[in-house]
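Quick note on the numbering used here: the sequence shown kicks off at 104 and runs consecutively. The structure under discussion appears below in the form of structure tokens.
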Amino acid sequence: MSGGSTFETLDAFLDECLELPVRGKDGQVRVYRIEEPSAEDGLRIERITSLAARLAAGGKAPDAPVLGDDEELDLYRMCLGDAYEQLRTELKWGPFKHVALTAMFWVTTDADTARQFWKTGQMGKAPRNRAERRQASHGSSASGTASTTPSPASTSGTRAASRRRSRGKGRPQS
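Quick look at the structure:
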């Protein structure tokens, strides 16, 4: 063999599913398995979330919603795949949306980012401007400046460029 590199099989390090424990409307905790989307759906999800990220890059919320209600549900349907109908039926809106956004962050970034969102409902972001950075570094909120950070549940926290998802610590066991 010449001096070329040998690569591992892709499935040796990429997560092909996400398993999320959720309490349903009936009070029972179930683990929902969300499969990785098709390449076509993955590209559509990337395009939609990239648009939201570009709109948010201006530092203010857009004048109109980035997605209409049907488009938002379509995005969730693509992110959740075959689990969509079961989740929609068995969960209330808040948990359903949290599961869908967690899956979206998993698809567009990686398992660690999805895990962070799952635990906190927020994306950890660096302060957006100098005043916020200064305020964060002093650990004080005395300045009273209003936050321009988009709401945690918005898709505007996604990044245009995605990293490959890799299996990380704390991966749910089957």
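All C-beta atoms in this analysis are idealised placements derived from N, C-alpha and C, irrespective of residue type, glycine included.
Using the DSSP secondary-structure output, state which residues sit across from residue i in a beta bridge.
i           : result
residue 198 : Paired residue(s): none; residue 198 is not in a bridge.
residue 120 : 138
residue 150 : Answer is none; residue 150 lacks a bridge partner.
residue 126 : 132
So, at 6 angstroms on beta carbons, what are the nonlocal neighbours of residue i in its own chain, with the 5 sequence-adjacent residues on each side left out?
i           : result
residue 144 : 181
residue 151 : 178
residue 138 : 120, 184
residue 205 : 217, 220, 221
residue 112 : none
residue 209 : 121, 217
residue 241 : For residue 241, the pLDDT reaches just 49, beneath the cut-off of 50, and the residue's location in the model is therefore unreliable, although a value from the coordinates is still provided. For residue 241, where only same-chain residues beyond five positions count, there are no Cβ hits under 6 angstroms.
Measure from the alpha carbon of residue i to the alpha carbon of each residue in the options, then state which is nearest.
i           : options       : result
residue 147 : 198, 175, 135 : 175
residue 207 : 196, 171, 153 : 153
residue 124 : 210, 203, 108 : 203
For residue i, which residues from the same chain have a beta carbon less than 7 angstroms from its beta carbon, with the 5 sequence-adjacent residues on both sides left out?
i           : result
residue 127 : 133, 193, 194
residue 199 : 190, 191
residue 136 : 120, 122, 186
residue 142 : none
residue 201 : 224
Could you name the residues of the same chain whose beta carbon sits closer than 8 angstroms to that of residue i, not counting the 5 residues immediately before and after it, in chain order?
i           : result
residue 129 : 193
residue 188 : none
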